[in-house]
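Numbering (this note's numbering), first residue to last: 303 to 440.
From the three backbone atoms N, C-alpha and C, an ideal C-beta is built for every residue, glycine too.
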């Protein structure tokens with residue numbers, strides 16, 4: 303069985319926001335819930351496409367897919383029609399993408415060692431360096 307990936311939840315995001323904003327956790331939870339609700343509503347209201355751009359973070363897009371009149375059912379091999387629908391897409395911003403493209407060896411992982419975890423979270427410092435105007439503390 304494959305190892306599970308560490309999952310961050312809304313609670314984890316709220317804790318991080320509370321720490322950055324130096325506010326109580328209950329306030330941070332409300333802020334996080336409000337932002338996520340607003341993003342979800344903007345995607346749901348897409349008619350039929352929408353682009354949500356969050357500078358220095360990334361872009362969420364709702365796009366149409368094409369109908370596929372000649373698709374095949376893989377079990378029965380029968381032709382079937384797949385109607386067009388909407389799908390979501392996320393493209394990270396330049397800074398997030400830079401950090402994600404950093405070789406794992408530079409982050410303290412050894413070749414093939416995906417279990418190692420950096421406790422000092424140096425990638426967070428790289429991501430938010432020189433950004434006190436965007437992420438003020440206090």
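| Item | Value |
| --- | --- |
| Inspect the CB distances between the region 331 to 350 and the region 310 to 319 and report whether three or more fall short of 8 Å. | yes |
| Just the Cα atoms here: how many angstroms apart are residue 344 and residue 336? | 12 Å |
| Whose CA, out of 412, 348, 392 and 379, lies closest to the CA of residue 360? | 392 |
| Determine the burial state of residue 279: buried for a count of at least 16 other Cβ atoms within 10 Å of its Cβ, exposed for fewer. | Because residue 279 is not part of the residues shown, which for the chain are 303 to 440, the question remains open. |
| Please state the DSSP three-state secondary structure of residue 320. | helix |
| What distance in whole Å lies between the Cβ atoms of residue 385 and residue 369, which are believed to be in contact at a cut-off of 8 Å? | 5 Å |
| Per DSSP, which one or two residues make a beta bridge with residue 412? | DSSP, once it has assigned bridges, lists no residue as partnering residue 412. |
| Count Cβ pairs between the region 352 to 359 and the region 394 to 406 that sit closer than 8 Å; are there 3 or more? | yes |
| Buried or exposed: which applies to residue 383, given that a residue is buried once 16 or more other Cβ atoms fall within 10 Å of its Cβ? | exposed |
| Roughly how many whole angstroms lie between the Cα atoms of residue 419 and residue 409? | Reliability fails at residue 419, whose pLDDT of 47 lies under 50, so the model's placement of it is uncertain and no value is given. |
| Please list the segments of the alpha helix (DSSP H) lying wholly inside the region 360 to 409, counting only runs of 4 or more residues, in order along the chain. | 396 to 402 |
| Whole angstroms are fine: how far does the CA of residue 326 sit from the CA of residue 412? | 38 Å |
| By DSSP, does residue 355 sit in helix, in strand, or in coil? | strand |
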